[in-house]
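Colleague: Residue numbers (our numbering): 519 to 947.
Glycine included, C-beta positions come from ideal geometry on N, C-alpha and C.
It should be emphasised that the depicted structure is a prediction, and the values quoted were computed from it without experimental measurement.
Next up is a structure, given as structure tokens.
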Ligand code: HSE
């Protein structure tokens, strides 16, 4: 069989990893697919940069969009990034010109996944994006193929390695958020725009993709509720531990008769939950389906090897002749699920207040909670800070989010309350 020719747009960390795997494992991959895979062209922003790989045997293009017009190229591999611009144009043009398209670009798929899947279907080519969610963990194929007999009810996980690293390091070292943030920056773990990691946007991109894969709903990134880790203090991690929990930034998606719930935010999870012990740069995803019930996937969510592993798996899939729908159901069968507002979440909450140490403060706070019908399960106040202020930590019984937020608005307005109150959702997973 004639070799399958591919072009790679983007030679950053992941692009270099893809080249290495395809060259170093050439024969093994050919044996597995029955077809040699040949890189014919590459493109990147800087031709002369030393990447530690030899690219002299490939055609060079300054403009990745050239690949969409090359007759010899069967698969365009996009590793540029960004939801729009060159990546989006390359996807659209490649698919329209009858080329399969493989990408690690979570923002692109979260924003344009349904439209690109439709374009792939119209042109009878494949759109694949395994590397866009949880790096090296084959979660998309696991859900779409291995769990194909199941109705998925819920999917959740640690989808951002950088913030998981930061939370782990805060707990391990006893350093506060600001110090760990500086260390993480120096290690180069943060995205070029750190807000993508710190504000939960990166995890939300991945969650929107998972929702479509798991539930067959159209990708709806705009309906993902997002909250990052910027407000988590060391004191929260310490109190959570004392209460039997760890703090994790989770993406949670579930589909029920009421609609589709998609949210990314820090959570208190029981120390005994499998996801609670996934630390540092690791990702984990839990899928709950009928009839299989819970399955758990863990692995490296970023970096050269893990991400390139997933990209090459997609290329191999296409080389084997697989052309199925990108989200495992035809686009015509994908649904528009009714989004569920975060205000409707029902569950327990951890609340942290920083207040003046003076008579009547607790009475004012509990009055606000009482008026909103929020019942307390635990209340902690330890010692007094040197400056006459103190942290008060409460755990509520299950309640509606709107009630907690209304009470916290009132508490925030009290003159004795120093910092904006923080509520962290408790997920008894
Ligand atoms: N910034 C991402 C993370 C990279 O930390 O998980 C992988 O998508």
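Reducing DSSP to helix, strand and coil, say where residue 582 ends up.
Modeller: Correct three-state label for residue 582: helix.
Colleague: So does the segment 694-713 actually touch the segment 601-617, counting three or more Cβ pairs closer than 8 Å?
Modeller: Output reads no: the segment 601-617 does not touch the segment 694-713.
Colleague: Tell me the rounded alpha-carbon separation between residue 871 and residue 670.
Modeller: In a straight line, the C-alpha of residue 871 is about 38 Å away from that of residue 670.
Colleague: Go ahead and pull the three-state DSSP assignment for residue 840.
Modeller: It is coil, neither helix nor strand.
Colleague: State yes or no: is the C-beta of residue 597 within less than 8 Å of the C-beta of residue 622?
Modeller: Result yes, Cβ atoms of residue 597 and residue 622 sit closer than 8 Å.
Colleague: Return helix, strand or coil for residue 926, following the three-state DSSP convention.
Modeller: Three-state DSSP puts residue 926 in a helix.
Colleague: What does a CB cutoff of less than 6 Å around residue 917 pick up in its chain, not counting 5 residues either side in sequence?
Modeller: 892.
Colleague: For residue 489, collect the residues of the same chain with a Cβ closer than 7 Å to its Cβ; drop the 5 residues on either side in sequence, then sort them by chain order.
Modeller: There is simply no residue 489 to check, as the chain begins at 519 and stops at 947 in what is shown.
Colleague: On the DSSP bridge list, what partners appear for residue 864?
Modeller: Residue 864 pairs with 918.
Colleague: Which residue wins for smallest C-alpha separation from residue 886, given the options 910, 913, 897, 923?
Modeller: Selected option, being the one with the closest Cα: 923.
Colleague: Please report the distance separating the alpha-carbon of residue 850 from that of residue 842.
Modeller: Approximately 14 Å between the Cα atoms of the pair.
Colleague: So, with DSSP's three-state summary, where would you put residue 934?
Modeller: Residue 934: coil per DSSP, three-state reduction.
Colleague: From residue 793 to residue 927, what does the alpha carbon distance come to, in whole angstroms?
Modeller: Cα to Cα, residue 793 sits roughly 32 Å from residue 927.
Colleague: Which residues, in chain order, sit with a beta-carbon under 6 Å away from any heavy atom of the ligand HSE?
Modeller: Qualifying residues, in the order they occur: 653, 678, 679, 680, 709, 715, 720, 819, 820.
Colleague: Could you tell me the distance, in whole angstroms, from the CA atom of residue 726 to the CA atom of residue 737?
Modeller: Cα to Cα, the separation comes out at about 6 Å.
Colleague: To which residues of the same chain is residue 639 closer than 7 Å at the C-beta, ignoring the five residues directly before and after it?
Modeller: Counting only Cβ-Cβ distances below 7 Å, and skipping sequence neighbours, we find 843, 848, 849.
Colleague: May I ask you to verify whether the segment 675-686 touches the segment 759-774, counting CB pairs closer than 8 Å and requiring at least 3?
Modeller: A contact exists between the segment 675-686 and the segment 759-774.
Colleague: Just to confirm the assignment, what range does the alpha helix (DSSP H) spanning residue 688 have?
Modeller: Run containing residue 688: 679-691, per the alpha helix (DSSP H) assignment.
Colleague: Whose C-beta lies closer than 7 Å to the C-beta of residue 938 among residues of the same chain, with five residues either side of it excluded?
Modeller: The residues are 930.
Colleague: Expressed to the nearest angstrom, what Euclidean distance is found between the alpha-carbon atoms of residue 889 and residue 751?
Modeller: Cα to Cα, the separation comes out at about 28 Å.
Colleague: At a Cβ threshold of 8 Å, is residue 617 touching chain C?
Modeller: Here there is only one protein chain, and chain C is not present.
Colleague: Tell me the start and end of each unbroken beta strand (DSSP E) in the segment 785-825 that is at least 3 residues and wholly inside, in chain order.
Modeller: Runs of the beta strand (DSSP E) inside the segment 785-825: 800-808, 811-818.
Colleague: Less than 8 Å between the CB atoms is what I'm expecting for residue 588 and residue 525, so what's the real figure, rounded?
Modeller: The pair is a contact, with the Cβ atoms about 7 Å apart (cut-off 8 Å).
Colleague: Whole angstroms is fine: what's the gap from residue 947's alpha carbon to residue 791's?
Modeller: Those two C-alpha atoms are separated by around 6 Å.
Colleague: Can you give me the Cβ contacts of residue 948 inside the same chain, cut-off strictly under 6 Å, excluding the 5 residues immediately before and after it?
Modeller: Summary: the structure shown does not reach residue 948, with the chain confined to residues 519 through 947, and so no result is reported for it.
Colleague: In terms of residue numbering, what span does the alpha helix (DSSP H) encompassing residue 724 cover?
Modeller: 719-733 is the span of the alpha helix (DSSP H), which, as asked, contains residue 724.
Colleague: Starting from the Cα of residue 661, find the closest Cα among 825, 911, 814 and give me that residue.
Modeller: Of 825, 911, 814, the residue nearest in Cα terms is 814.
Colleague: Please state the DSSP three-state secondary structure of residue 870.
Modeller: Residue 870: strand per DSSP, three-state reduction.
Colleague: Have a look at 617, 579, 578, 558 and flag the residue whose alpha-carbon is nearest the alpha-carbon of residue 586.
Modeller: Answer by Cα proximity: 617.
Colleague: Short check: CB of residue 673 to CB of residue 805, under 8 Å?
Modeller: Yes, the Cβ-Cβ distance between residue 673 and residue 805 is below 8 Å.
Colleague: Residues bridged to residue 619 by DSSP?
Modeller: BP columns for residue 619 point to 594, 645.
Colleague: Residue range of the alpha helix (DSSP H) that residue 627 falls in?
Modeller: Its alpha helix (DSSP H) spans residues 624-640.
Colleague: Whole-angstrom Cβ separation of residue 522 and residue 569, contact assumed at under 8 Å?
Modeller: Actually they are not in contact, since the Cβ atoms of residue 522 and residue 569 sit about 23 Å apart, beyond 8 Å.
Colleague: Grouping DSSP H, G and I as helix and E and B as strand, with all else coil, what is residue 661?
Modeller: DSSP places residue 661 in helix when its eight states are reduced to three.
Colleague: Strictly by DSSP, which residues pair up with residue 770?
Modeller: Paired residues: 674, 781.
Colleague: Leaving out the 5 sequence neighbours to the left and right, which residues in its chain are closer than 7 Å to residue 629 when beta-carbon positions are compared?
Modeller: So the qualifying residues of the chain are 601, 739.
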